[in-house]
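These notes are about the structure you will find just below.
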Amino acid sequence: MNSISKSQTVPGPMERAFVFFVLLLSTGAFQNLAVTPGDVPDAASGQANMQVLWILIYLVTIVLLFRTCKDAIRYAAREYLLLALVLLALGSMMWSADPGVSLRRGAALVLTCLFGVYFASRFTLREQLHLLAGICGTCVVFSLVFGILGIGTPVVDVIGSWYGVFVHKNVLGRMMVLCILVFLTLVQARSEKKSLLWIGAGLAFVLLLLSRSTTSLAVLVAMLAFLPFCGTLRRGKSPVARIVLFAAAVSTLGLYWVSNHLMDILQFLGKDVTLTGRLQLWILSVTMALRRPWLGYGYNAFWLGPGSSSARLLAAIQWDAPHAHNGLLEIWLELGLVGVGLFLVGFGIYLVRAAVFLRHQRTPGAIWPMCFLAFMFLSNLTESDFLARNAIFFILYVAVVITVSPKDRRYGRLTALNVPEGELA
3 MNSISKSQTV PGPMERAFVF FVLLLSTGAF QNLAVTPGDV PDAASGQANM QVLWILIYLV
63 TIVLLFRTCK DAIRYAAREY LLLALVLLAL GSMMWSADPG VSLRRGAALV LTCLFGVYFA
123 SRFTLREQLH LLAGICGTCV VFSLVFGILG IGTPVVDVIG SWYGVFVHKN VLGRMMVLCI
183 LVFLTLVQAR SEKKSLLWIG AGLAFVLLLL SRSTTSLAVL VAMLAFLPFC GTLRRGKSPV
243 ARIVLFAAAV STLGLYWVSN HLMDILQFLG KDVTLTGRLQ LWILSVTMAL RRPWLGYGYN
303 AFWLGPGSSS ARLLAAIQWD APHAHNGLLE IWLELGLVGV GLFLVGFGIY LVRAAVFLRH
363 QRTPGAIWPM CFLAFMFLSN LTESDFLARN AIFFILYVAV VITVSPKDRR YGRLTALNVP
423 EGELA
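Per this note's numbering, the very first residue in the sequence shown carries number 3; after that it's consecutive.
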């Protein structure tokens, strides 16, 4: 009882500032102040200063986790599929192509997971969304300032494309989609600052267009089409099975239309039939994955440049791909079909839980878990950060998993299932 009451204490200003800083850092914002064009850190060693900073962050996280919500780890451990996947990444050092890299980065993934558990257990859904809105507002405002004043340097300078406070135009584009979704969720949650949220969403959309990230734009369009489905599910007027069948039918028709107009779509998006070299990358990545199909090459141990398992692949495609540009393919390369299976089964279960959570909640903000999971899946069709260490997307994934966990497993400040109407306003 003491641990529960203690975990229900309201986080103080210093604790909120710490969480704000960590979430902002995990977006990759402002890292373009410390790079030069083409300057990419060694794939195996990484950046020493950032490693030290993250170690300090995780030490503080562990202290806060045990001081404010001691039962969090015990309850989070009941999410067996998530736990198994994270431990598989750490344990992959035993068969990894580079055991040292898999050990270090696997440990970082475990600690990233712990921060996600802390974030969800310490802050209510309302508080999570407002913290995210603050992060998004910071990224939007400073990206505009950086773009207008020409501050910062991207790792790849694409003429005419903005990158804001990030190192790549696609990172800016993807973050702006996330910002738009956060702002729209709070607008739907009847927030008192609707005008400010709409302005933020509008500016984020402008930055998305300026980034010229066509993939991110396509994800946003898909998400805007998906949101009405979430609204229908929440109203509860139609049986879940009927809604799912309707969604499946619409998706099938959509895929059929896309398959018949693929060339027109690619021409409109400014892409060639190889999706800017990604098709060749995917084919060769599958070929490499088939060489070690069950357990893969080890967590983060494939794309390590010359002398690594990816050397011949990179030589064949003639560009330095940092990852597979597909989330599931990346997991296959790193953790094999075992990892892919664990992730897909877990993701499916969490998606169903998010749907149940949305359907049975009176608070409009309950749409966020479903919205984020859909966004994460769509964006990973061309990105590879389902299991990205020190990254906001995996932090939020873990937080969503904890947030939608069954009611009888909830504890402390995880009270979103009991939030009265208007709590998120």
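The beta carbon of each residue, even a glycine, is placed where N, CA and C say it ideally should be.
All figures in this text were calculated on a predicted structure; none of them were measured in a lab.
Contact between L133 and F125 holds, since their C-beta atoms are separated by about 7 Å, short of 8 Å. Annotated as proximal: L67 and A74, with beta-carbon spacing under 8 Å. Here the alpha carbons of M290 and C181 stand approximately 36 Å from one another. In this structure P156 is buried. Its beta-carbon is surrounded by 16 or more other beta-carbon atoms within 10 angstroms.
Here L188 is buried. Its C-beta has 16 or more other C-beta atoms within 10 Å.
Contact between the region 357–370 and the region 96–107 is absent: fewer than 3 CB-CB pairs across the two stretches fall below 8 Å.
In the structure shown, A109 falls within a helical segment according to DSSP collapsed to helix, strand and coil. For V347, same chain residues with a beta-carbon under 8 Å away, outside a window of 5 residues either side, are L83 in chain order. Of all C-beta pairs linking the region 212–231 to the region 389–404, fewer than three are shorter than 8 Å, placing the two stretches out of contact.
Annotated as distal: V88 and C71, with beta-carbon spacing of 8 Å or more. Proximity to G93 across A78, E81 and A110 peaks at A110, based on C-alpha coordinates. Distance from the Cα of F228 is smallest, within the candidate group P408, I369, G300 and G350, for I369.
Scanning the region 118–181 for uninterrupted beta strand (DSSP E) segments of 3 residues or longer gives nothing; none is fully contained. Of the residues assessed, F23 falls on the exposed side of the cut-off, its CB having fewer than 16 other CB atoms within 10 angstroms. Contact between L26 and I153 fails: their C-beta atoms lie close to 17 Å from each other, not under 8 Å.
Using a C-beta cut-off of 8 Å, the region 325–332 makes contact with the region 377–396, since at least three inter-stretch Cβ pairs fall below that distance.
Listed in chain order, the alpha helix (DSSP H) elements of length 4 or more contained wholly in the region 331–410 are 369–381 and 394–405. In the assembly as shown, P371 is a buried residue. Its beta-carbon has 16 or more other beta-carbons within 10 Å. In the assembly as shown, E194 is an exposed residue. Its beta-carbon has fewer than 16 other beta-carbons within 10 Å. Excluding the 5 residues flanking it on each side, I319 has same chain C-beta neighbours closer than 7 Å at G279, Q282, L283 and L286, in chain order.
Rounded to the nearest whole angstrom, the CA to CA distance from I351 to L226 is 23 Å. Collapsing the DSSP output to three states places E17 in a helix. Residue state for Y60 is assigned as helix, using DSSP reduced to three classes.
Going by C-alpha positions, P324 is about 23 Å away from G162. A191 and I201 have their C-alpha atoms some 16 Å from each other. Note on I394: 16 or more other CB atoms within 10 angstroms of its CB, so buried under the neighbour-count rule.
The three-state secondary structure of T234, taken from DSSP, is helix. In the three-state reduction of the DSSP assignment, P295 falls in the coil class, being assigned neither a helical nor a strand state.
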